[in-house]
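Counting in this note's numbering, the sequence shown runs without a single skipped number right up to 1495 at its last residue. Every residue gets a Cβ at the ideal spot worked out from N, C-alpha and C, and that includes glycine.
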Amino acid sequence: MLRQIIEIDEEKCDGCGLCVPECHEGALQIIEGKARLISDLFCDGLGACIGHCPQGAINVIEREAEPYDEIKVLKQILKQPRSVLKAHLKHLLDHQAFEHLDTAIEFLKIEGIENPLRDDEVSVGQNSICGCPGSRTLQFENQGSESELDTPNIPSELRQWPVQLHLVNPNAPYFKNSELVIMATCGPIANANVHRDYIKGKSIVVACPKLDYTAPYTDKLAEIFKVGNIKKVNVVIMQVPCCSGLMKFATDAKKQAGREDMPIVEHILDLQGNLIQVQRA
């Protein structure tokens, strides 16, 4: 069947093994110095391991693969400490993989095994706020104005099209001698001042290291840096683990382009778009 599944770039993988314990399903092992996907059956395709790879070697792709088998995964997990089972169930809950979660809970009932999740955790389901901040469901109090009349229409500061990293042309004139913003796809939605703070007077590309097909990203950014003679790069990411991949793409591309003179600054936004950290790479 055609489905989402992880792919490991063997050239980027250094065999550090940090991804292995983050895959509670047991789909990853270090073999001959590289992380390997040992079975399609064990990979749920949700990408929990991505944010834990310092080399940016893991991506989620779509390809023909054997269907994920929750029962086989559970049988392997039950051989491990109970904490692994709880982490696995939370992983399914956080990513709203309710079909797999229902299968798991029913299997535990049949086997007479106590569900390690609290009843309230399971019952809230779609409103869960535990675990992975990248995919958990949250609701915020609106702190903005209640009246549309309080704020005049604000003109867009965007000076280019397209903006998706997959679609931009590295030779586009708007890149020439510009300050470039590489922004996580969620950033413009979360930050109300994105045009004023990050788009005005700059070129921009948006990308998602978790959901995009990221294999070409390092090469493409390197070409943009080199051909466009980019003066400075601002990488704007959200405060979630999977976003860290954008910094990896940017720093690798800088080396590949031979642009050691080009500064890269990381801006981290919290889940409501507030700037909480700025640091130079």
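- G1247 and C1230 have their alpha carbons spaced roughly 8 Å apart.
- As DSSP reads the structure, H1481 sits in a beta bridge with V1450, V1492.
- For K1300, the uninterrupted alpha helix (DSSP H) segment begins and ends at 1296-1308.
- Here the alpha carbons of I1324 and G1487 stand approximately 44 Å from one another.
- The Cβ atoms of P1268 and L1299 do not sit closer than 7 Å to each other.
- Note: Q1269 is not bridge-paired with any residue in the DSSP secondary-structure output.
- Scanning I1244, K1469, C1422 for the CA closest to the CA of S1458 turns up C1422.
- Fewer than three pairs of CB atoms, one per stretch, sit closer than 8 Å, so the segment 1474-1486 makes no contact with the segment 1276-1291.
- Judged by DSSP secondary structure, A1464 falls within the alpha helix (DSSP H) whose first and last residues are 1459-1471.
- Secondary structure of R1250 (DSSP, three-state): strand.
- Between M1452 and L1483, the CB-CB gap stays under 7 Å.
- Listed as beta-bridge partners of Q1290 by DSSP are no residues whatsoever.
- Following the DSSP letters along the chain, one finds E1325 in no alpha helix (DSSP H), marked with neither H nor E.
- Here A1262 is not near C1227, since their CB atoms are 7 Å or more apart.
- As the crow flies, the alpha-carbon of G1442 is around 4 Å from that of K1390.
- In this structure, the beta-carbon distance from G1265 to C1456 falls below 7 Å.
- With a threshold of 16 other beta carbon atoms within 10 Å, A1249 meets it and is buried.
- Counting only the Cα atoms, G1326 lies some 44 Å from A1404.
- By the Cβ test, the segment 1409-1420 is in contact with the segment 1382-1400, since at least three Cβ pairs between them sit closer than 8 Å.
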